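Asks: Questions regarding the structure given below will be posed in turn.
Chains as they are written, first to last, in the working numbering: chain B, 1 to 646; chain S, 1001 to 1250.
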């Protein structure tokens, strides 16, 4: 571990913010075209960030290997993003600009992101739309043939591009098509159903990974001149979330254990518009696109415990609480604000829907007025597929009764720490997309995740990784190095351990219990007492896991229990770091709401004088207190202000 | 409610498989079909039996990973619904339910209900793309595309690549899947340059993978969880024929 660089230098180029990315590219070192094939890059993950990076690097001439645990790269969880992708095109002539997108994103992130990164993201947003369109992404169009936009999640301009309610799917299929072209040409070697289980560091450089073939169980070594993690977010740590069943923290966590710093793990996004939980058996929560808030009105009964059917509750007995508390943004307040408000009214006993675990956790999202104003046809055109999905899951039609929604874990703003070049403190390890901590600060705005994944993969990493590789000779790298053998043996021992415990409890039962601890104590609101309790409970649960988990079957075959066991084992370690980070951050900002730090009106109280920094944690051992490194955040372009949506 | 499920169990690609019956009590009508299987698996684990292997990921009907034939119908009885979004309220107390994997020569079974669909990836690799490198795109509004045209392309592009169309077809034809991709790109101006080469390459790849031909039964459309229209098969045939007649595949 001695070789890890412990000073946190963000390496932001100097100069005025709108020139920094240009200056970086002017000064960066280049790898000559004929030399690029001598460098091998391992890209882990095939979502928007991973697939766009892998294909673009291959186009440039690098040798690329790409890995995904799904049966096809097209199934990465980016595919589930519904609402849209932001870009400061200002096609609508409504006053948008790169500056405004930058400003909104820094403010929306509650001033906990790096200004230089966010500005670059805003600049690149324009090119992403061009690129995706050229790849055949069928964005929504106006009758005249130009691209359509809508306003989305807390923005006062219409800058969101969309493909019905399937924007993530269409963008991912665009990336997947580009990736396929490179696979066909032999420039990318694709490994489906293959999971990264560890990172190999040789002489302080990330030099390879150890994987498990999920069909045969074979443990494999892969060496490269650089490793790129595009492995998504970690909110499945809550067990119930909107993430896919397989989404996990394993790749990031193993890299962390090998020296990469984990930044702001407590910044998780709880999305306000998800279908409420309907029972104890539930395996995941389903998101309803935030775009619904453009026409839906959120309300609960004024009286606590009012269990009348919604259509029997007269207007004057309804509390349209978002419109009441936040008159200028109303139902379109950002996600963290909307989520907390929903929690508050449910805490007051005004939640609606069936009793689950003795509580009613839900609020209405009502389309009655919108249907009256625009007609059912217009609403059907806008949200038909979402209404159908809702009806399939709940058995209720939103055309007739209001939808019921409740917040659910959705996205992680935290992730592995990276510098301006998207490289972690561990040299050679690059982290892109949701897996890095990057651009969203303490809260992500709607339609910004797709933008960031594609900015990283298409436009930023392919430049910055060249700058890194140009400083390294394309020396022969081999998986015969003793470090590969050592890490492989550790992975094998780990798998054997999991299979040999043969205790009494299933993997899922541990995951559910961990999820409950986190949701209650490190979820939508947190306090010192609860976090300290969680920090007692998690190690206890982890200990029980390693003594009493039951993983049946063998290692050398397709074994889904074993896959899950490894992921949950990592969540059990990661969860502790998340709570530590939440405990240490004694302020409220974005998705991190510490009950001790709120205004008289119950709004988040940020403490810029003490906490304007990125908390990047260094691993020192399982259950051992990690070391905190800080990257101070300065705001020279967007003045620090209280985020008000009133 | 109480149900009996008969599930295809197969230990590995080369092992023989068979249907095994499981009785299941306390199934809640709000459970999704896959949550019912999770529930069953938990009880198997408790008994020390290996759980049933089945694929799923997003569980919201978009990733295309889940792939079960329920009582002979891919994705089960509900129209335009993937099995992950099918709920137990559509079944009744005492029902016997038969669960099998997709059945097709080009989709070999890996274990229990999990199949290998990499043949679909290889068809896409043959030509399901527009060859434009990152950075070389013109402004997105430079090429206007009429709303109807864009909507039509989107109708085709909505395919989730699950392979239910193949599983539903008595010929195990992949023509709805390939038709959707060929049409999506052929309907857009950006896809014109390569449309002949694409149509020929993808159809040839489809044949090489061992998928059958279309005999116009429309079982694929009926099973498709996204309601992809068989009109796109006609569109693909037209594209393929046009490409062949013009005598140039590449």
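Every residue gets a Cβ at the ideal spot worked out from N, C-alpha and C, and that includes glycine. Quick caveat: nothing in here was measured; it's all calculated off a predicted structure.
Against residue 281 of chain B, what residues of chain S qualify as contacts under a CB-to-CB distance less than 7 Å, listed in chain order?
Replies: Here residue 281 of chain B refers to the residue found at position 281 when the first chain is read from its first residue. Neighbours of residue 281 of chain B on chain S, chain order: 1028, 1031, 1035, 1039.
Asks: Only counting the same chain, and skipping five residues up and downstream in sequence, which positions put a Cβ closer than 6 Å to that of residue 275 of chain B?
Replies: For the purposes of this step, residue 275 of chain B is identified with residue 275 of the first chain, where counting begins at 1. Residues of the same chain with a CB within less than 6 Å of the CB of residue 275 of chain B, apart from the 5 flanking positions on each side, are 286, 393 in chain order.
Asks: Residue 727 of chain B: buried (16+ other C-beta within 10 angstroms of its C-beta) or exposed?
Replies: With chain B represented from 1 up to 646, any question about residue 727 of chain B goes unanswered, as that position is not in the structure.
Asks: Looking at the secondary structure, which residues open and close the beta strand (DSSP E) in which residue 191 of chain B lies?
Replies: For the purposes of this step, residue 191 of chain B is identified with residue 191 of the first chain, where counting begins at 1. Segment 188-191, the beta strand (DSSP E) holding residue 191 of chain B.
Asks: Could you say which of B:223, B:202, B:70, B:469 lies nearest to residue 28 of chain B if we only look at CA atoms?
Replies: As a first step, residue 28 of chain B is located in the first chain; it is residue number 28 there, counting from the start. Among B:223, B:202, B:70, B:469, the Cα nearest to that of residue 28 of chain B belongs to B:469.
Asks: What residues match up with residue 1023 of chain S in a beta bridge as DSSP calls it?
Replies: Against the second chain, residue 1023 of chain S aligns to sequence position 23. Note: residue 1023 of chain S sits in a beta bridge opposite S:1004.
Asks: Taking the C-alpha atoms as reference points, what is the distance between residue 586 of chain B and residue 600 of chain B?
Replies: On the first chain, residue 586 of chain B is found 586 positions in, with the first residue counted as 1. On the first chain, residue 600 of chain B is found 600 positions in, with the first residue counted as 1. Rounded to whole angstroms, residue 586 of chain B to residue 600 of chain B spans 17 Å at the Cα level.
Asks: Please compile the residues from chain B whose C-beta is within a distance smaller than 8 Å of the C-beta of residue 1118 of chain S.
Replies: For the purposes of this step, residue 1118 of chain S is taken as the residue at position 118 of the second chain. Those within 8 Å of residue 1118 of chain S in chain B are 71, 72, 192.
Asks: Take residue 1086 of chain S and list the residues in its own chain whose beta-carbon comes closer than 6 Å to its own, dropping the five residues that flank it on each side.
Replies: Position 86 of the second chain, counting from 1, holds the residue named residue 1086 of chain S. Counting only residues of its own chain and dropping the five nearest sequence neighbours on each side, residue 1086 of chain S has a CB closer than 6 Å to the CB of 1033, 1076, 1078.
Asks: Taking DSSP as the reference, what is the three-state secondary structure of residue 971 of chain S?
Replies: Past the boundaries of the shown model lies residue 971 of chain S; chain S is included only from 1001 to 1250, so the question cannot be answered.
Asks: Determine the DSSP secondary structure at residue 254 of chain B, reduced to helix, strand or coil.
Replies: Locating residue 254 of chain B in the first chain gives position 254, counting from the first residue. Looking at residue 254 of chain B - three-state DSSP - the assignment turns out to be helix.
Asks: When you compare the stretch 249-257 of chain B with the stretch 569-589 of chain B, are there three or more beta-carbon pairs, one atom per stretch, that lie closer than 8 Å?
Replies: Contact between the stretch 249-257 of chain B and the stretch 569-589 of chain B is present, because at least three Cβ pairs lie under 8 Å.
Asks: Which whole-angstrom value describes the C-beta separation of residue 1181 of chain S and residue 1227 of chain S, a residue pair presumed to lie in contact below a C-beta threshold of 8 Å?
Replies: Here residue 1181 of chain S is taken as the residue at index 181 of the second chain, counted from 1. Here residue 1227 of chain S is taken as the residue at index 227 of the second chain, counted from 1. Incorrect: roughly 16 Å between the Cβ atoms, too far for contact.
Asks: Counting only beta-carbon separations shorter than 7 Å, does residue 1130 of chain S have a partner in chain B?
Replies: Along the second chain, read from residue 1 onward, the residue named residue 1130 of chain S stands at position 130. Residue 1130 of chain S counts as touching chain B.
Asks: Just the C-alpha distance for residue 339 of chain B and residue 527 of chain B, rounded to the nearest angstrom, thanks.
Replies: Here residue 339 of chain B refers to the residue found at position 339 when the first chain is read from its first residue. Here residue 527 of chain B refers to the residue found at position 527 when the first chain is read from its first residue. If you take the alpha carbons of residue 339 of chain B and residue 527 of chain B, they lie about 17 Å apart.
Asks: Can you give the beta carbon distance from residue 192 of chain B to residue 72 of chain B, rounded, assuming they're within the 8 Å contact cut?
Replies: The residue given as residue 192 of chain B occupies position 192 in the first chain. The residue given as residue 72 of chain B occupies position 72 in the first chain. About 6 Å; that satisfies the 8 Å criterion.
Asks: Are the CB atoms of residue 410 of chain B and residue 109 of chain B within a distance shorter than 7 Å?
Replies: In the first chain, counting from the first residue as 1, residue 109 of chain B sits at position 109. In the first chain, counting from the first residue as 1, residue 410 of chain B sits at position 410. Their beta carbons are not under 7 Å apart, which means residue 109 of chain B does not touch residue 410 of chain B by this criterion.
Asks: Can you give me the Cβ contacts of residue 80 of chain B inside the same chain, cut-off strictly under 8 Å, excluding the 5 residues immediately before and after it?
Replies: What you label residue 80 of chain B is simply residue 80 of the first chain in a count that begins at 1. So the list reads 168, 169, 242, 244, 287, once near-sequence residues are dropped.
Asks: Taking C-beta to C-beta, are residue 416 of chain B and residue 436 of chain B nearer than 7 Å?
Replies: If you number the first chain from 1, residue 416 of chain B lands on position 416. If you number the first chain from 1, residue 436 of chain B lands on position 436. Cβ distance < 7 Å, so residue 416 of chain B and residue 436 of chain B count as in contact.
Asks: For residue 306 of chain B, collect the residues of the same chain with a Cβ closer than 7 Å to its Cβ; drop the 5 residues on either side in sequence, then sort them by chain order.
Replies: Position 306 of the first chain holds residue 306 of chain B. Cβ neighbours of residue 306 of chain B beyond the five flanking positions: 313.
Asks: Taking the beta carbon of residue 143 of chain B as the centre, do at least 16 other beta carbons fall within 10 Å, making it buried, or is it exposed?
Replies: Walking along the first chain from the start, residue 143 of chain B turns up at place 143. Exposed: under 16 other Cβ atoms inside 10 Å.
Asks: Is the shortest distance between the beta-carbon of residue 500 of chain B and the beta-carbons of chain S less than 7 Å?
Replies: As a first step, residue 500 of chain B is located in the first chain; it is residue number 500 there, counting from the start. No, its Cβ sits nowhere closer than 7 Å to a Cβ of chain S.
Asks: Would you kindly check if the distance between the Cβ of residue 45 of chain B and the Cβ of residue 342 of chain B is under 7 Å?
Replies: On the first chain, residue 342 of chain B is found 342 positions in, with the first residue counted as 1. On the first chain, residue 45 of chain B is found 45 positions in, with the first residue counted as 1. Their beta carbons are not under 7 Å apart, which means residue 342 of chain B does not touch residue 45 of chain B by this criterion.
Asks: Would you verify that the beta carbon of residue 1076 of chain S is, or is not, closer than 7 Å to some beta carbon of chain B?
Replies: Numbered from 1 along the second chain, position 76 holds the residue referred to as residue 1076 of chain S. Chain B contact via Cβ: absent.
Asks: Roughly how many angstroms separate the alpha carbons of residue 1083 of chain S and residue 162 of chain B, rounded to a whole number?
Replies: If you number the second chain from 1, residue 1083 of chain S lands on position 83. If you number the first chain from 1, residue 162 of chain B lands on position 162. Residue 1083 of chain S and residue 162 of chain B: Cα-Cα distance of roughly 26 Å.
Asks: Under 8 Å: do the stretch 1091-1105 of chain S and the stretch 1146-1153 of chain S share three or more Cβ pairs, one atom per stretch?
Replies: no
Asks: If the cut-off is 9 Å on Cβ atoms, which residues from the stretch 1096-1120 of chain S count as contacting chain B, listed in chain order?
Replies: 1110, 1111, 1112, 1114, 1115, 1116, 1117, 1118, 1120
Asks: Using beta carbons (cut-off 7 Å, strictly below), is residue 552 of chain B in contact with chain S?
Replies: Here residue 552 of chain B refers to the residue found at position 552 of the first chain. Yes, because at least one Cβ of chain S sits closer than 7 Å to the Cβ of residue 552 of chain B.
Asks: DSSP three-state call for residue 116 of chain B: helix, strand or coil?
Replies: Start at 1 with the first residue of the first chain, and residue 116 of chain B comes out as number 116. In this structure, residue 116 of chain B counts as helix in the three-state DSSP scheme.
Asks: Quick one: any contact between the stretch 470-487 of chain B and the stretch 1016-1027 of chain S, if contact means 3 or more CB pairs under 8 Å?
Replies: no
Asks: Hey, does residue 392 of chain B have any beta-carbon neighbour from chain S nearer than 7 Å?
Replies: For the purposes of this step, residue 392 of chain B is taken as the residue at position 392 of the first chain. It does; some Cβ of chain S falls within 7 Å.
Asks: Here's a check: name, in chain order, each residue in its chain whose Cβ is nearer than 8 Å to the Cβ of residue 548 of chain B, leaving out the five neighbours to either side.
Replies: As a working mapping, residue 548 of chain B is identified with position 548 in the first chain. Hits under 8 Å: 501, 503, 504, 505.
Asks: Could you tell me the distance, in whole angstroms, from the CA atom of residue 17 of chain B to the CA atom of residue 632 of chain B?
Replies: Residue 17 of chain B sits at position 17 when you count from the first residue of the first chain. Residue 632 of chain B sits at position 632 when you count from the first residue of the first chain. Taking the straight line from one Cα to the other gives about 17 Å.
Asks: By the 8 Å beta-carbon criterion, what residues does the stretch 273-300 of chain B contribute toward chain S?
Replies: 278, 279, 281, 282, 283, 284, 286, 287
Asks: Is residue 1047 of chain S close to chain B, meaning its C-beta is less than 7 Å from at least one C-beta of that chain?
Replies: On the second chain, position 47 is the one that residue 1047 of chain S refers to. It does not; no Cβ of chain B falls within 7 Å.
Asks: Does DSSP put residue 1090 of chain S in a helix, a strand or coil?
Replies: Here residue 1090 of chain S is taken as the residue at index 90 of the second chain, counted from 1. In the structure shown, residue 1090 of chain S adopts helical secondary structure according to DSSP, grouped into three states.
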